[in-house]
Every structure is written in C-alpha cells, then in structure tokens.
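Asker: Have a look at this one.
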Amino acid sequence: MGFRSLLLCLLCALATTVAGAQGIDKIKFTTNSGGPNRVWDSDDVTITLSGTTLMIYGAMPTGDTEKPIQTITMRLRNFRPNDTYPKTFRFNSLDAKWQNYAGTTGMCNCQDGSFTITKIDPDGRLHGTFEWSCGTLFQSGNTVVTQIFAGVASGVIPVQLSLRVRPGQKFSENPDKDVTLTLTVSDYATDKPLKGATVVCLDNPIIIKKNIDVGVSDDAGVVKYTFKIPKDLTEKKTYALTFTARRENDADAATITQEIEVDPEQRYWYYKCAGVNIIEYDAGEGEKWENVGEGSPLKKASGSKVIVNRFLTHEGESFQIDTTPGAERVMYTGKLMCPDCADVGLAGGVFLEAESLFMTSASGNCDGILKLAAAKQTGLKVFGGAIKLQEVAFLPEWDNPGMRLKVSFETPAGNDVSSQCAKSNDPSTKSLAMGFNWRKNGIEKFELEATNLGVGKAFCFNELTGSYDWKLETLTLGARATFEDVIDKTAEIKTSLVIRGDTAAGNGNIYLKDFMFQFSSDACVVLPPPNSAFCFKGFRLEAGFDSDKGARKWYFGLTGLFKTTIEATANKFAWIQKWGTALGGEKPEIFELELGGRWDYPAKFSGKGLVKIAKIPLISVTRPWQLTMDAKQEIDFLSGATLRGNIKLGHLGADDYFASLTDVGYSFTFDPFEMCLSGKGALRIPRIGDELNEKGAAGFLKWVRAFGVDNTTLGQGDVYLGINDKVGFNFNISCDVSQNPVSFIRSYGKFFFDIKATPNDGILVDWGSAYAMLPIRREQKSDNAVQANALDTFTVTPDIERVIILVSGETTAPASVLVDPNGVEYSATKSDSTILRFDAPDGSMTQWFVINPAAGDWLVKLTNPKPEDEVRISAVRKERPFAIQASVSGRALTVTWDAAGYKAGDIVALVLDENNEGNDGVPLGEVDATLGTFTYTMNDTLSACSYYVSATRVANGLLITTAYSTSMVSTGKAILAPPTNVMAYQNTTDGVTTITWTPSPDPNVEAYVIYADLPGGDTILAYAESYETRYTLETPDLGGRNIYLVAVNDQNLRGCPSESIQTVVSVDEDRAGVVEINAASPISIVPHPVTSTARIVWNAAAPSDVMIRITDLFGATVSEVRHTSTIAGIQDHVVDFTQLTPGTYGITISSDAGAISKMFVVAPR
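FYI, the numbering for the sequence shown is 308 to 1472, going by my numbering.
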C-alpha cells in the first residue's frame, strides 16, 4: 500500500466518524470502470439479519430518468454481534454484487474484496468501510472490471429475537406435580433483554392444549409459565412443548422447544428382557422410585430398603437404577452391583453379602442376568476351611429354565503344602471348586477346578481343571504344574486336552490342543568358555495338534532362556552395578535373553528373540529393564517372509521410554517380487514412575515433573524403503519436531527426504522441510525477486500451517515488523508463542515463525532496506489426511482412497495385517496413488481367517502416512461366524476379569473358546457355552492383554476368531458410546419396492462418528456407511436392504467408545 491507499484509509475513517456522528443511514463509495472515477452517495440503506448472515443493501441514485436507481448488495457471513471489532469479512463471488447496466441487464459479481465493521453502537447501529472489484461480461465478449473503493456505510441492525427456556435440557417429573418454566426474550444482535414481547405456548401435549398465552416479558425479558401434570398419566413418556415470542413491530419471531419426561410414581420397577418382566425391584410399602436429580436417568427408592425378586433385600441408600434405554440395571457408585444384598431368610445377611450381585442387560435369551462379581463368604466352614460362593446365575430360558451354581472350598495351606506350591502367587490357601449347570431337563454341565495341590515336596498342581458337558458330549482337561529337584531347578507344564464323543466306539476325537513345558534353574548353568558372562537358565518347549475334518495342523517350538551370572555383574559390568547400587541399594541384573523358534505345519517357520539389559528395580518394580530389544522372524515357504522388531531405551518407571525404534524390519514376497523396509523412531521425556520419583536421587526428575515437561515428545520420524518389480524403487525418510517443548525447535515442523525411481518417470528426488514457497506480491518488484522492499505483502491461504520469514543483510539485517490481516503489528515474539522472532547474535539475520496464521494478506515492514538486503518467505502446508475403505465381495478385496491431488510417482503400498499394530503382514503390492483403487483376490495360502488392510502412502511433499481399514475383511475361509462386540474388563479391586460378548448368529455353534495373548503365546483361558454371553476369570496378569473368542461346532470345527480386544483395567465395566440399537422396522425384513428400507434407531451417549456395518453369517462386510451425530441421545439412520439376498445378517453400530450388534433376517420373496 502506498500514499494513495493510506489516504483512502484516512478518508474511510473520517467518513465513518462523520456518519456515526450524524446518526443516520449512509452508504457512499467511488467506482472506476476504466474511465473517470464516479462518486455514489445515498441514505437509502437497508440492513437485515438472519441467523449469522448480515445483508447490507444500498439504493444508489443514477440521475437517469429511465433507470433512476442502481443497487449494491453485500453479504457478511458468520456475523456475531458479540465479536471484537473492528473485524474484516472477506467476499467471495456470491457475497457482493453491483447492478451495472452498461452492456448488460444483470449484476456483476465480486471478484475479491472485503467489508470491515469498525464498530457497532449500543443502539445496534453498524459502521464500516469496504472496497472490492467486480467483473461485467459484455455482449461482445469483453470483460470490464469495475473497482469499488473508498466505501463507507452505516445503518441500524434490525432486532432479531432470541428465546431461551430453562432448564432447557430434557428433565423428568412425576404426575400431579407443578412444573415452572422460565422463558427469556433478548435481542440476538446485542444480547440485551427485550421488554414487551408476547410469549405463546403453541403446543402443550401434556395437558392437551394449544396456543396458550403465557404472558409479556418484563424489564429483564423474562416470563414464567406454570402448569400441573395431570394425575391420571400412568405411562412413562416424553413430551415436547413448543413456545414462540414476538413483538408488535418486529417481523420475525423466535421459537424454542422444551422436552419433559413424565414418569409415573411407582412402588415397583421392572427390568425387562424380550418385553417380559424378569427382575422386580420393590421400593417397599408406602415408598416409591424417584429421580436422583433433575433430568437424571438414575432412580432411587424413597425408603432405605429394596427387595429384589422377592428374596434378596438391600439395606442402605446407595441402591440406584439406571433407566437409560438399553442400560436398565442396578448401579452402585458406577459399578454394576447390588451391594449389601442379603437373603431375607437368613439372619444377619451373611449370604451374598457386600458388593456381590451383578445385574446386566444380557442379550439373546437373557441368560446370566444375575451373576457374582467375585467369590463371597457364605459363613459356612468345613474342616476349618471356608466355603465361598463363586457364581450364581439364573438361566431363564423360557422352554428350559435353570440355574448355575459354583462353590469353592478353601483351606489354609499349613505345613502340608509342598515347597513348590509355596512359591505360587497365593501360597497361603488350597482350593477346590465345583460348578453345576442344571436345567428343567436335567444336569447340563459339571466343572471341577483345583489350585495349589501338592504332591510330595517337589510337585505342585498350580491349576487343575476338568469339565464334562452332557449336551456336547465333551470332556475337557487342563493342567498347569511345577516341580523342582534338589538343585533348585524348576519345571512347569501346561496342557489342554479335549475328548469329544464316544471314543470307545471309534466315533469320537481326542485333541491335544496345546502343550507347554518350561524348565528353569535359579542356579544358572555357566556356558563355556569358563569365564563367560552368560549362563543357561532354562528352556520352553511348545507343541500342539489339531485335526479338523482330516486337515491336520500341528506346531512345535523351542525357546532358550539365558542371563548374566552374578560374577559377570560384579566383575565385567562393575560400572552398571555401581550405578544401580547408588540409585537404589540393589545390585542390578545386567542381561537376560530369550531365543526360540517354531515350526507350523505345513511350511511356516518363525523365530523370536528378546533381549533385556540393565535391570534396576528401583526405577520400576513392574518395568525395571532399561534397554529391551525384541524381534520376530517369520518365513512362509509358500509366500514370503517378514521380520519385525522393537528397541526401547531409558525407562523412568511409567509407560514411556526415552528413545525407541518401533516396527523396524522388512517383508517380502516371492511372486510377484515385493520388498519393503520400514521403521519408526521417537525421542521423548518419559513419564516418571512413583518408585523413582520418591527417591532422593531423583531431584532433577522431580523438577522435570513439577514443571510439566515429562511425558513430552521431543521428535519422531519414519523411514521407508520399497522395491517392486513393476512400480520401481522408493525411499523416504521424515522427521517431525512439531511437538517439541522448545519453541524454536518446534517451529521447524516437519522434514523429509524422498527418492523415487519409476519405469516411466526415471529418478525423482525431493527434499526439504515440507515447505512450499509462497509468492511475494509487491508494487515495484516482480514476484520472483527476493530483494527487500520497505513494504512486502504475502497472502496466507487456509491450507497453510506455518509461515517462515527470513530477513537478512550482508552486514546487518534491516529492522522488521509484521502486520496481520487485521492490522495488528508485531515487533517481537507474541505472548502465546504463535508468532516467534529470533535474531542472529551478529544482527545479520532475523527469522520470523508464524504458527497457524490467520488467512489473508500479511505485511512485512522494513526500516531503510538496502539493495543487498533480502526477504525470503516460505510456508509449511497442513498435513493432508489419508484414509482407506476396504470391502470384500466373495474373495475379491477392493481397497479405495481419495486419489485427488496426487502426482505421478506417488504410491500406496498395501498389506494384509492380522493385528492392526504394524505394517508386518502379507504384502499385496504397490499401486499408483492417482488410481484411488486396488483389487486383490484372496487365495487359500492366506493363513488367517480375516485381516485388517493397511496402506502406506508415500507421496512427494507429504510425510509417510499409514492408514488402516476400519474393520477386518474376511478371506472367505470361515466355517462358523465369530461372536461380536467382545469386551474385557479387569477390576482393580479384586483382579477379577469379566469378558462379555454378543453370541454368534450361527445356529451350529456349540461353544466358545476364550484365548489370551500371554507371554508364552496365545493361551486358552476357558470354554464357554453357546448360550453364555459373559465369563468371569480370576487369572492374574490379564490387564492390558488381548482377548479373543473362537466359535466351535459339535464336530469340534473352529470358526475364525473374533476381533482381538485389549483388556481394560478399571474399577467398573460400564462404557459409554453406543448404548442400544433396535430396528424400528420388523426383524424379518421382506424386500419390496415399497418397504425396501429400514430405519435403524440407537441411543448415543455422546456426539460422535459411528460406523453402521452389515455383515453376513461369516463375518464378511456386505454394507458399510458412516453416520455423524452432532448431539447425544436418540439417533436414527435409514438403511436400504434391497440388494441383500435372503438369509441372516448382523448389523453393528460402532464408535471409538464401543459397539453393539443386532441380528435380522431377510426372508425369501
């Protein structure tokens, strides 16, 4: 901007001041259409406000009798009267118009420009300035640009009514109660209360009246509405009351709705399953259920005693019922419990006492509605030992009801426990547990469990289990045992054996499912040479065999265990010993190693290695090792090989390491030839554990925690190398320091180096800081020049994340000032660090960093620049998101992504990944990113039943990004459909793990096998019946472990595993997210031209994106759609079922917080 622009600004400010002083509507501006300037002046101004859109209209006299008026229109979007002014609004081609009759009868639209509101008076009068240009297309085809400048405008913003109601949110009330609602009327533009507005209740369905005069607002803009809920309302229902407000001279009116739930007072409240009352909650004679608080879905009894199903009683005031649809259950301080429940027939309430009874909204036939959270004392003793009730569950299957009961006998160990059992996790007790399932038709299942059963001094059955199922005709045996000899060598055996059917008659099968033998020695045998630092500690042997319809599957594995000797700790690693002793007074272990291999029939070898260095218990009891390295090599001689590993260094007691390399390794396939190497690294200030933080030697670390700089990422990066016999060669390395706590380092953002070699394009090299140069617009210099000017303008677009400005001189850089689009000047670092300034010590350079800059024109103002001074301006573009969608039709896998904006040489590398934790699965190939789609036919050589699809994008100018499909894709090999909606929670109080799931829709499922990824590999935890939806385990160390279920039929044929989920460690198992789903249309859906759609309804606990997925019986996805809910509460979505063939399907609604499923049937036409 030069002298002319400065003069125009002064004129604009002067005109605005004059207009404000006159207090009248005014619009005035100057036009130039290639000829002499013309000044337009009028007091005919109209301003309208609709929502957040402000319209300014001006009628400008022309002096022409045939066309006396030309109009000017300006639209300001996102106008909010309470914003800070002055504020500038940018125009697009539809926001500003000037009526131009020169050669056309239409309007000419804005090309670029702005309107600046300088102020808004208390009475609502707006003042502003504007300038813009517009183009007129003549009939000859020529275009003339009209400049509109030096514009000023003023006018009164009309009153727009705003109506609010309290309490606003939906609330509950009982019949025969008075309800008072407070309504407030105000001016939207100023938020000032409006007196004299008439408020009408358009509809009150509770009292069945319409158009009720509520009253006129007072000086505070308030009017109150009171009515009484009729006593005869007996049905629980939500009603919507609608109100409107209007003033006599205002054209617009405001409307608002208030929801009220009428909940009749009741002594009894019922939990329903399949529409039938299952559990009765009795508040007592003369008492009732009432809301805990206004609008709360929780209810409590007005008295102090609650009777459940007429035989369990609860004393106290902590008993509550959650009435949220789909979550009707008893709650106690957030836990699904019935605390202090006792059998009314036993004195003292010793049966089922204290925090014992689970209440769940089970699915299907509602089995397992009542279940114990953990073992409880019964008060009975036999031979000095206590009898505990482990589990009690009602099995209300309508045609065959029954009950499940499990009790245990525990006795103190005394002197009869072997020395080996005394080393177990709980050596103080021995236990024997028995469980029964009995139905109306007889006993269904028997279970037997034993712990800490010693045989002599050296042998101990840590766990011994057995069960027989009369329905499945299956005997299952399992054991985990340890024994030792006189030189402190210990062995552990774990096995699982299944005997199914009549084996004596030759009609049954015996399966040794899993076998594990581990040998270890505290003495540790020193390895040669004689002064070696290492010793042999033991080994682990694994084997398994299975047979499904004659297809034999077996595996065999061997692992060696090694560590450093005590002598090596003292002599060879004295400095580490000295360090560990100084920190905590303990001599640290130096080295531990596991090396092993496994062969899976027919052609797969896998090897594992785990190295741990420097064990210092002071730092952390649970994570004492300061350097860990692990690697896994898999070679499939039919397809290819993979190697993955991790290195982590410097643990401070919590979950993070100072430095880490993760997912490092390679993968390749034989035909077609594909190879890729990749890895990720991170440098952090870790979180500090309590053990270390409490030590006096950790003073510096306490300072780090006190100042909040622990748990901070200093930098992270990726490296990728891909070679493909068709696509070519690709190498990329990148680094991101955008989270570094040091402002100067953080301002550099992201760096990358990229080399590609393709058959068509040759070698392409790109490198830098992910910066894209911004043009510098000047009055006297070309855009490509870098010589400094006194005033430089550059434009920031919305896709820019960071701007870098370098001002330099041969000796001394000129003084510089930044000016943002709102005219605010900056000569130093801004207080919130969004603008940073750094000066070189010798004064030869000044560098500015602008983080998340406002879009618009910025200025660089220099003081007395010299000809040799330079200004360079560059910018970091915002990272482009990358997401994929994967679907399967038959065995054809199709992966798609948004291909817009990619260039030749940009690639997407695709992999089938079993665990969704890294690019370490089956490589599918690389494809040009511009295609946007990839198709692959899944074959029988794939080992897993289902996979995630991962895609790594490697594109010029963008960081390497890996995206995963939102759900697993089926390979078409499934025999049985897996269970869904698997969840696992471990209670921190008692260590009990609860696993829940939605049953498989497959009618051939006879049982579920529950697995966990324990250190020795995937391990069977338990067998659950097909009707069960919940299982409780007391197995230790399941917190954080992954759990999955596998369905089994009566021939012991297994389906594909369910989705593997991580066990959540929590004080309860309540979860948010999707709470309920039900199909509003019939469960049996008949395709018809008129009824080919169904409305799906669910309750969202919080606003979120959800995925609506339809799967067939084998778990394959046949339809998938994303639904966004901006509010919590009841949601709905219409799904078209026209393309579905007759059969049974599952529909799942999932969010980040959870998922829920329901089955439906499409009947034949």
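Beta carbons: idealized from backbone N, C-alpha and C, even for Gly.
1. Compute the distance between the beta-carbons of K477 and T545, then report whether it is under 9 Å.
2. As a quick exercise: from I424, E373, C441, pick the residue whose alpha carbon is nearest that of D402.
3. What three-state label does DSSP hand E1332 in the structure shown?
4. Rounded to a whole number of angstroms, what is the C-alpha to C-alpha distance between W405 and G341?
5. Compute the Euclidean distance between the alpha carbons of A1258 and V1202, then round it to the nearest angstrom.
6. Name the residue from E981, F768, R1348 whose alpha carbon lies nearest to the alpha carbon of D1326.
7. Consult DSSP for E751 and reduce its assignment to one of helix, strand or coil.
8. To the nearest angstrom, how far is the alpha carbon of M644 from that of Q627?
9. Leaving out the 5 sequence neighbours to the left and right, which residues in its chain are closer than 6 Å to N953 when beta-carbon positions are compared?
10. Which partner residues does N1039 have in the DSSP bridge list?
11. To the nearest angstrom, how far is it from the Cα of L318 to the Cα of A1147?
12. Out of K516, E542, S609, G503, which one is the CA nearest neighbour of D526?
13. When you compare each of R847, I376, F336, P465 to S357 by their alpha carbons, which one comes out closest?
14. Let's test the definition: count the other Cβ atoms within 10 Å of the Cβ of W705 and tell me whether it reaches 16, buried, or not, exposed.
15. May I ask you to list the residues that DSSP assigns as paired with G914?
16. Would you mind sorting L383 into buried or exposed? The rule is 16 or more other CB atoms within 10 Å of its CB.
17. Pull the bridge partners of W932 from the DSSP assignment, please.
18. Can you give me the C-alpha to C-alpha distance between I427 and G435, rounded to a whole angstrom?
19. Secondary structure at S1457, three-state DSSP: helix, strand or coil?
20. Could you check where the beta strand (DSSP E) with C1252 kicks off and where it finishes?
21. Which whole-angstrom value describes the C-beta separation of L509 and F534, a residue pair presumed to lie in contact below a C-beta threshold of 8 Å?
22. Checking 9 Å against the spacing of the C-beta atoms, do T1301 and A1314 come in under that value?
23. Using the rule of at least 16 other Cβ atoms within 10 Å of the residue's Cβ for burial, across every protein chain shown, is I1454 buried or exposed?
24. Sort out for me which residues DSSP pairs W405 with in a bridge.
25. Grouping DSSP H, G and I as helix and E and B as strand, with all else coil, what is L696?
26. Excluding the 5 residues flanking C1363 on each side, which residues of the same chain have their C-beta closer than 6 Å to its C-beta?
27. For L1028, which residues of its own chain have a beta-carbon under 6 Å away from its beta-carbon, when the five flanking residues on both sides are left out?
28. Would the segment 1123-1142 and the segment 1157-1168 be scored as touching if the rule is three or more Cβ pairs under 8 Å?
29. Secondary structure at M1245, three-state DSSP: helix, strand or coil?
30. Just the C-alpha distance for G903 and W861, rounded to the nearest angstrom, thanks.
31. Would you call N1246 buried or exposed, if buried means 16 or more other Cβ atoms sit within 10 Å of its Cβ?
32. Are P500 and L488 touching if we call contact CB-CB under 9 Å?
33. Which class does I536 belong to by DSSP, given the choice of helix, strand or coil?
34. Does Q1369 pass the burial test, meaning 16 or more other C-beta atoms within 10 Å, or should it be called exposed?
35. Whose C-alpha, out of V1234, V529, T758, Y495, is nearest the C-alpha of T360?
Answerer: The answer reads as follows:
1. Here residue 477 corresponds to residue number 170 of the sequence shown, with the count starting at 1. Here residue 545 corresponds to residue number 238 of the sequence shown, with the count starting at 1. Here K477 is near T545, since their CB atoms are less than 9 Å apart.
2. By 1-based counting over the sequence shown, the position of residue 402 is 95. D402 has its Cα closest to that of C441, out of I424, E373, C441.
3. The residue labelled residue 1332 in the question sits at position 1025 within the sequence shown. DSSP places E1332 in the strand class (E or B) of the three-state scheme.
4. If you number the sequence shown from 1, residue 405 lands on position 98. If you number the sequence shown from 1, residue 341 lands on position 34. Approximately 16 Å between the Cα atoms of the pair.
5. Looking up residue 1258 in the sequence shown gives position 951. Looking up residue 1202 in the sequence shown gives position 895. Those two C-alpha atoms are separated by around 9 Å.
6. Within the sequence shown, residue 1326 is the residue found at index 1019, counting from 1. Just to set this straight, residue 1326 is Thr in the shown sequence, not Asp. It is R1348 whose Cα lies nearest to the Cα of T1326.
7. Here residue 751 is taken as the residue at index 444 of the sequence shown, counted from 1. Residue state, collapsed to three classes: strand.
8. Walking along the sequence shown from the start, residue 644 turns up at place 337. Walking along the sequence shown from the start, residue 627 turns up at place 320. Any reading at M644 must be qualified, since the residue scores a pLDDT of 38, below 50, and its modelled position is unreliable; the value itself is stated next. Rounded to the nearest angstrom, the gap between the Cα atoms of M644 and Q627 is 10 Å.
9. Your numbering for residue 953 matches position 646 in the sequence shown. Beyond the five residues adjoining it in sequence on each side, N953 comes within less than 6 Å, by CB distance, of D937, T969 in the same chain, given in chain order.
10. Here residue 1039 corresponds to residue number 732 of the sequence shown, with the count starting at 1. Looking at the DSSP assignment, N1039 forms a beta bridge with Y1027, D1061.
11. Locating residue 318 in the sequence shown gives position 11, where the first residue counts as 1. Locating residue 1147 in the sequence shown gives position 840, where the first residue counts as 1. Because the pLDDT of L318 is 32, which lies under 50, any placement of that residue in the model is unreliable, and the number read from its coordinates should be weighed accordingly. A straight line joining the alpha-carbon of L318 with that of A1147 spans about 41 Å.
12. In the sequence shown, counting from the first residue as 1, residue 526 sits at position 219. Ranking K516, E542, S609, G503 by Cα distance to D526 puts G503 first.
13. The residue given as residue 357 occupies position 50 in the sequence shown. Closest in C-alpha terms to S357, from the list R847, I376, F336, P465, comes P465.
14. Walking along the sequence shown from the start, residue 705 turns up at place 398. At W705, the pLDDT of 46 sits below 50, so the modelled position is not reliable and the matter cannot be decided from this model.
15. By one-based count along the sequence shown, residue 914 stands at place 607. According to DSSP, G914 bridges with G904, Q940.
16. As a position in the sequence shown, residue 383 is number 76, starting the count at 1. Buried: at least 16 other Cβ atoms inside 10 Å.
17. Position 625 of the sequence shown, counting from 1, holds the residue named residue 932. W932 is bridged to K922.
18. Working through the sequence shown from its first residue, we reach residue 427 at position 120. Working through the sequence shown from its first residue, we reach residue 435 at position 128. C-alpha separation (whole angstroms): 9 Å.
19. Residue numbering aside, residue 1457 sits at position 1150 when the sequence shown is read from its first letter. Strand, per DSSP.
20. Counting from 1 along the sequence shown, the entry for residue 1252 is found at position 945. Per DSSP, C1252 belongs to no beta strand (DSSP E) and is neither H nor E.
21. Locating residue 509 in the sequence shown gives position 202, where the first residue counts as 1. Locating residue 534 in the sequence shown gives position 227, where the first residue counts as 1. Rounded to the nearest angstrom, the Cβ distance from L509 to F534 is 14 Å, too far for a contact under 8 Å.
22. Here residue 1301 is taken as the residue at index 994 of the sequence shown, counted from 1. Here residue 1314 is taken as the residue at index 1007 of the sequence shown, counted from 1. No, the Cβ-Cβ distance between T1301 and A1314 is not below 9 Å.
23. The residue given as residue 1454 occupies position 1147 in the sequence shown. Per the 10 Å Cβ criterion, buried.
24. For the purposes of this step, residue 405 is identified with residue 98 of the sequence shown, where counting begins at 1. For W405, which the question treats as bridged, DSSP gives the partners I379, C415.
25. On the sequence shown, residue 696 is found 389 positions in, with the first residue counted as 1. Residue state, collapsed to three classes: strand.
26. As a position in the sequence shown, residue 1363 is number 1056, starting the count at 1. Apart from sequence neighbours up to five positions away, the residues of its chain that approach C1363 with a beta-carbon distance below 6 Å are C1252, S1253, A1281, P1285, ordered along the chain.
27. Sequence index remark: in the sequence shown, residue 1028 carries index 721 (1-based). Close CB contacts of L1028 within its chain, under the 6 Å cut and outside five residues either way in sequence, are with L984, F1038 (chain order).
28. Here the segment 1123-1142 makes contact with the segment 1157-1168; the two share three or more CB pairs at distances below 8 Å.
29. The residue given as residue 1245 occupies position 938 in the sequence shown. Coil, per DSSP.
30. Position 596 of the sequence shown holds residue 903. Position 554 of the sequence shown holds residue 861. Their Cα atoms are separated by approximately 17 Å.
31. To locate residue 1246, count along the sequence shown from 1; it is residue 939. So N1246 ends up on the exposed side.
32. Along the sequence shown, one-based indexing puts residue 500 at 193. Along the sequence shown, one-based indexing puts residue 488 at 181. No, these two residues do not count as a Cβ contact at 9 Å.
33. Taking the first residue of the sequence shown as position 1, residue 536 is located at position 229. Looking at I536 - three-state DSSP - the assignment turns out to be coil, as it is neither helix nor strand.
34. Locating residue 1369 in the sequence shown gives position 1062, where the first residue counts as 1. Residue environment: Q1369 is assigned as exposed (fewer than 16 neighbouring CB atoms within 10 Å of its CB, all protein chains considered).
35. By one-based count along the sequence shown, residue 360 stands at place 53. For T360, the closest C-alpha among the options V1234, V529, T758, Y495 is that of Y495.
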